[in-house]
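Counting from 1, one number per residue, gives the positions in the sequence shown under our numbering. Idealized CB from N, CA, C, for every residue including glycine. As the structure is a prediction and not an experimental result, all values here were calculated from the model. Just below is one structure, and these are the notes that go with it.
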Amino acid sequence: MHQGTYLDSTNNRPIRLGIVVALHGAALAAIILAPAEMIPIKVFTPTQIDFIEDKAPPPPEPAPRAKDLPKSNISHVPLAVNVERPDLSQITVDPLPPFTEDVAPKVTPIPVPNPVLVDATLDPRYGDRVQPDYPSALARQEITGTVTVRILIGADGRVKQVQQVSATDPLFFEATQRQALKYWRFKPAMRDGVAIESWQTKTVRFKLES
């Protein structure tokens, strides 16, 4: 009995070994025949770096703080200055000489020439227009009379204003004023050769011819 068992175990060992070898061979074949797995490979591109020169001036250095400054070994010592005041009581001043008229300079006045004045005169070219028209109302009544006026003669020789001084009748003044402003012409007054305005007084007579 025992001998049979031993023989069975001895006879089965080659079979078991063959099975193990077969299994390993199958596993190895499966590994060899399995499709290859695609493993992606990362390719890194080299990075290009451009160096740009910075031309900006360097930042200024910070100013030293008060505590960083070296301490001076000179101590502040107040200076005592002795100033001697002069004795003014010993100074004598001579009095000024009295003022006299001879000391003052004499100024010779410069003579100022008197301006040359020329009065305005009636322009003879307009002499026939001096007499004003006789007022018809006074002519019918045969009233005669006179009128005295004060006139302002401009630098151009024309009469600019007429003021009544006296008149026998207001109509005589109105006729004279109208005639003077419209027709009277003068050679203007002159001052050192320059035409100027001037006032003159004129008297006009109104009389009827027989």
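query: For residue 228, three-class secondary structure by DSSP; result: Shown here, the chain extends from 1 to 210; a query on residue 228 therefore has no answer.
query: Simplified DSSP state of residue 208, which is helix, strand or coil; result: coil
query: Limits of the beta strand (DSSP E) - the one that residue 166 falls within; result: 159–167
query: Bounding residues of the beta strand (DSSP E) (the contiguous stretch that carries residue 120); result: Element bounds for residue 120: n/a, residue is neither H nor E.
query: Residue 189 in three-state terms, based on DSSP; result: strand
query: Nonlocal neighbours in the same chain, by C-beta distance under 8 Å from residue 133, ignoring five residues either side; result: 175, 179
query: Local conformation of residue 129 per DSSP, three classes; result: helix
query: Short Cβ contact (8 Å threshold) for residue 155 with residue 188; result: yes
query: Local Cβ density within 10 Å of residue 211, reported as buried at 16 or more and exposed below that; result: Since the displayed the chain opens at 1 and closes at 210, residue 211 lies outside it and no answer follows.
query: Three-pair Cβ contact test at 8 Å for the segment 110–128 versus the segment 182–199; result: yes
query: Where residue 184 falls, given that 16 or more other Cβ within 10 Å makes a residue buried; result: buried
query: Length of the line joining the Cα atoms of residue 85 and residue 98; result: 33 Å
query: Residue 110, DSSP secondary structure in three states; result: coil
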